[in-house]
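J.:
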Amino acid sequence: MSNLYFHYPFCKQACHYCNFHFSTNQKEVDQLEEGMLKELDLRLTELKTPLESIYFGGGSPSLLSADKLSNLIHQSKAKFSFHDGIEITLEVNPDDVSKSYLKDVKEAGVNRLSLGVQSFYEKDLKLMNRAHSVDQALQSMEWVSSVFSNFSVDLIYGMPNSTLKEWETNLNQALKFNPPHISTYALTVEEKTALYYQVEKGEVFLLIEEDVKAQYDFLVKRLEALNFINYEFSNFGKKDFFSINNQNYWNGKPYLGIGPSAHSYDGASTRTWNVSNNHKYVAALKKGFLDNETERLSKKDQYNEYVMIGLRKIEGLSKEHVEKTFGKTYAAYLESQVSRHLEERNLFWDGDFLKITPKAKFLSDGLAADLFKI
6 MSNLYFHYPF
16 CKQACHYCNF
26 HFSTNQKEVD
36 QLEEGMLKEL
46 DLRLTELKTP
56 LESIYFGGGS
66 PSLLSADKLS
76 NLIHQSKAKF
86 SFHDGIEITL
96 EVNPDDVSKS
106 YLKDVKEAGV
116 NRLSLGVQSF
126 YEKDLKLMNR
136 AHSVDQALQS
146 MEWVSSVFSN
156 FSVDLIYGMP
166 NSTLKEWETN
176 LNQALKFNPP
186 HISTYALTVE
196 EKTALYYQVE
206 KGEVFLLIEE
216 DVKAQYDFLV
226 KRLEALNFIN
236 YEFSNFGKKD
246 FFSINNQNYW
256 NGKPYLGIGP
266 SAHSYDGAST
276 RTWNVSNNHK
286 YVAALKKGFL
296 DNETERLSKK
306 DQYNEYVMIG
316 LRKIEGLSKE
326 HVEKTFGKTY
336 AAYLESQVSR
346 HLEERNLFWD
356 GDFLKITPKA
366 KFLSDGLAAD
376 LFKI
C-alpha cells in the first residue's frame, strides 16, 4: 500500500520551537494550491499501489477551507486508486476550528483529525508562541470529540519549569475527552529556532533529562493503565485506532510528498525532497518541472534506518528481516552489538524480534545508535 502527504506551508504565526518549513506570508496561497495539483499530475507514475492513507500536514493545513480540502481529496481520488477504508487525516490547530468547520471537513472526506493542543497551560502556550489559548484548546477538544470518533491529540512534555504534577494535569485534561489516540513529544531545541536562541541567551532553562524521563515514564504508566497501546515511542492508541499513516511510514511503505519541502520515498532505496521555498516551488511548476533533490540510500543507510525505527516500535526489529534484506554479515553484526545491552537488560529477544525493555524506552535513540553500522 502507498501513502500521500500534502505539506501546507502556511501558519498564522511562528511557533518558537518549530523548524519545519512554513511561511506566515500567505500572498501565494492560491498559486501554491494550484502548484500542488500540478505536482500531483507530474508524479502520477510514482505510486504503484492503492493509497491507504492521505495526510494533510504543515504548517497549518486547518487554514485550508473545506472546499479546498474536498478538491484536493477529489483530485487525489481521480489520479490514484483508493484502498477500502482509506485513512484521511487533517492536522488542525485549536484556534482554526469551529464545530461547523469540523462538520464541513468531515463531509469533504476527512475521517481522522490530529489536534495540536500541545499544552493546557497558558505559560507553556506563551513560551511556545502558540496562537491558541487554553480556553480554545478545551473548546476545540469538545468540538472534535463530538464530531469525530477517530482523532488524536498532540501534547508536549518536558516544558521548561514544568513539574510532574503539571504534566499529570495536562494529560488528564486531554483524557477527559476520551481521545482514542495521543501523540506526545519531548520539547526539543532545534537550531535556528526562536527557542534555540532563547536557550543560548539564558532566557529559557530546559528541564534536566531525569525530570523529562519522569514525565515520560508517568505518561506510559498512565496511558497503559487505560488500555492505550504504546505502539511507537511517541504514539499511544486504543485498539483499532493506530495511525495508518504513521505505521506505513515506520514500516517502510512508499509515500509521496506534495508541496514545498515535502519528502517522498519509493519503499526501496530512493528519497526525494522538494525545495523548501514557496516561491521557487511555484515558479518551477509554472515552467512544468519540479524543483527537488534525490538521495540513493546505501545498504548501510537502509540498515541503520531499520534499526532506528524498529526499536521505537512495539514490534521491535526482526533479525530474520535483517538477514534476508541486508545479508548474514549484518545479522552477525547486530548480534555482536546487542550482547552488552542484553546483559544490562536494556534490550531483550522476543523470539526473532529485538525489543526495548520498559525501563530503557527513554533510551531508544541511544540504543539504536549503538547498533548502527558505521
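So the number in our numbering is just where the residue sits in the sequence shown, counting from 1, plus 5. Each residue gets a CB set at the ideal place from its N, CA and C atoms; glycine is no exception.
Pick helix, strand or coil for His326, following the three-state DSSP scheme.
T.: The answer is helix: DSSP assigns His326 an H, G or I state.
J.: Grouping DSSP H, G and I as helix and E and B as strand, with all else coil, what is Gln18?
T.: Residue state, collapsed to three classes: coil.
J.: If distances are taken between C-alpha atoms only, which option among Pro55, Asn76, Arg301 and Gly262 comes closest to Thr275?
T.: Per the Cα distances, Arg301.
J.: Looking at Asn8: is its Cβ nearer than 8 Å to the Cβ of Glu51?
T.: Not in contact: Asn8 and Glu51 (Cβ atoms no closer than 8 Å).
J.: According to the Cβ coordinates, are Asn116 and Glu147 closer than 8 Å?
T.: Taking 8 Å as the Cβ cut-off, Asn116 and Glu147 do not qualify as a contacting pair.
J.: Using 8 Å as the Cβ pair cut-off and three pairs as the minimum, do the segment 135-151 and the segment 194-213 touch?
T.: No, they do not touch.
J.: Per the contact definition of three or more C-beta pairs closer than 8 Å, is the segment 123-130 in contact with the segment 79-86?
T.: Contact between the segment 79-86 and the segment 123-130 is absent, because fewer than three Cβ pairs lie under 8 Å.
J.: Considering only the beta carbon of each residue, do Cys20 and Met133 sit closer than 8 Å?
T.: Yes. Within cutoff.
J.: Quick one: what does DSSP say Asp296 is sitting in, helix, strand or coil?
T.: It is coil, neither helix nor strand.
J.: Could you tell me which uninterrupted alpha helix (DSSP H) segments, each at least 4 residues in length, are contained entirely in the segment 212-300, listed from first to last along the chain?
T.: Runs of the alpha helix (DSSP H) inside the segment 212-300: 214-230, 249-255 and 283-291.
J.: Bridge partners for Lys360 per DSSP, in chain order?
T.: Lys360 pairs with Phe353.
J.: Answer with buried or exposed for Lys304, where buried requires no fewer than 16 other C-beta atoms within 10 angstroms of its C-beta.
T.: So Lys304 ends up on the exposed side.
J.: Please give the ranges of any alpha helix (DSSP H) in the segment 61-94, keeping only runs that are unbroken, at least 4 residues long and fully inside the region.
T.: For the segment 61-94, whole alpha helix (DSSP H) runs of length 4 or above, ordered along the chain, are 71-84.
J.: Compute the Euclidean distance between the alpha carbons of Glu44 and Asp222, then round it to the nearest angstrom.
T.: Spanning the two alpha carbons is a distance of roughly 43 Å.
J.: Who pairs with Gln123 in a beta bridge, going by DSSP?
T.: Per DSSP, Leu160.
J.: Quick check: the segment 169-188 against the segment 225-235, are at least 3 beta-carbon pairs closer than 8 Å?
T.: Verdict: yes, contact present.
J.: Would you call the segment 59-67 and the segment 96-105 in contact, with 3 or more CB pairs under 8 Å?
T.: Because the criterion of three Cβ pairs below 8 Å is met, the segment 59-67 and the segment 96-105 touch.
J.: Consult DSSP for Phe11 and reduce its assignment to one of helix, strand or coil.
T.: Phe11 falls in the strand class under three-state DSSP.
J.: Does the beta-carbon distance from Tyr106 to Leu69 come in below 8 Å?
T.: Cβ distance not < 8 Å, so Tyr106 and Leu69 don't count as in contact.
J.: Helix or strand or just coil, what does DSSP make of Ala142?
T.: DSSP places Ala142 in helix when its eight states are reduced to three.
J.: Looking only at its chain, what residues have a beta carbon closer than 6 Å to the beta carbon of Glu237, apart from the 5 residues adjacent to it on each side?
T.: Once the five neighbours on either side are set aside, the close Cβ partners of Glu237 are Arg317 and Lys318.
J.: Could you tell me if Gly242 is buried or exposed, where buried requires 16 or more neighbouring beta carbons within 10 angstroms of its beta carbon?
T.: Label assigned to Gly242: buried.
J.: Can you say whether Phe85 is buried or exposed, counting buried as having 16 or more other CB atoms within 10 angstroms of its CB?
T.: Its Cβ being crowded by 16 or more others within 10 Å, Phe85 is buried.
J.: DSSP three-state call for Lys170: helix, strand or coil?
T.: Lys170 falls in the helix class under three-state DSSP.
J.: Three-state secondary structure (DSSP) at Arg117?
T.: Residue state, collapsed to three classes: strand.
J.: Does DSSP put His1 in a helix, in a strand, or in coil?
T.: Any question about residue 1 goes unanswered here, given that the chain covers just 6 to 379.
J.: What whole-angstrom Cβ distance do Thr189 and Leu224 have, given they're in contact under 8 Å?
T.: Indeed, because the Cβ distance is near 6 Å, the residues count as touching under 8 Å.
J.: Can you pull the DSSP bridge partners for Ser28?
T.: In DSSP, Ser28 forms a bridge with Phe15.
J.: Leaving out the 5 sequence neighbours to the left and right, which residues in its chain are closer than 8 Å to Leu211 when beta-carbon positions are compared?
T.: These residues qualify, in order along the chain: Gly163, Pro165, Leu192, Val194 and Val204.
J.: Is the beta carbon of Val149 less than 8 Å from the beta carbon of Leu118?
T.: Taking 8 Å as the Cβ cut-off, Val149 and Leu118 qualify as a contacting pair.
J.: On the DSSP letters alone, give me the boundaries of the alpha helix (DSSP H) that Lys43 sits inside.
T.: Here the alpha helix (DSSP H) through Lys43 covers Val34 to Leu47.
J.: Starting from the C-beta of Phe353, find all residues in its chain whose C-beta is less than 7 Å away, skip the five residues before and the five after it, and write them out in chain order.
T.: Correct list, in chain order: Leu347, Lys360 and Thr362.
J.: Tell me the rounded alpha-carbon separation between Val139 and Ser75.
T.: So the two alpha carbons sit approximately 30 Å from each other.
J.: In terms of residue numbering, what span does the alpha helix (DSSP H) encompassing Val312 cover?
T.: Lys304 to Arg317 is the span of the alpha helix (DSSP H), which, as asked, contains Val312.
J.: Measuring only the C-alpha atoms, how far is Glu260 from Val312?
T.: Note that residue 260 corresponds to Tyr in the displayed sequence, not to Glu. So the two alpha carbons sit approximately 20 Å from each other.
J.: Less than 6 Å between C-beta atoms, sequence neighbours within five positions excluded: which residues of the same chain meet that for Asp271?
T.: Pro259.
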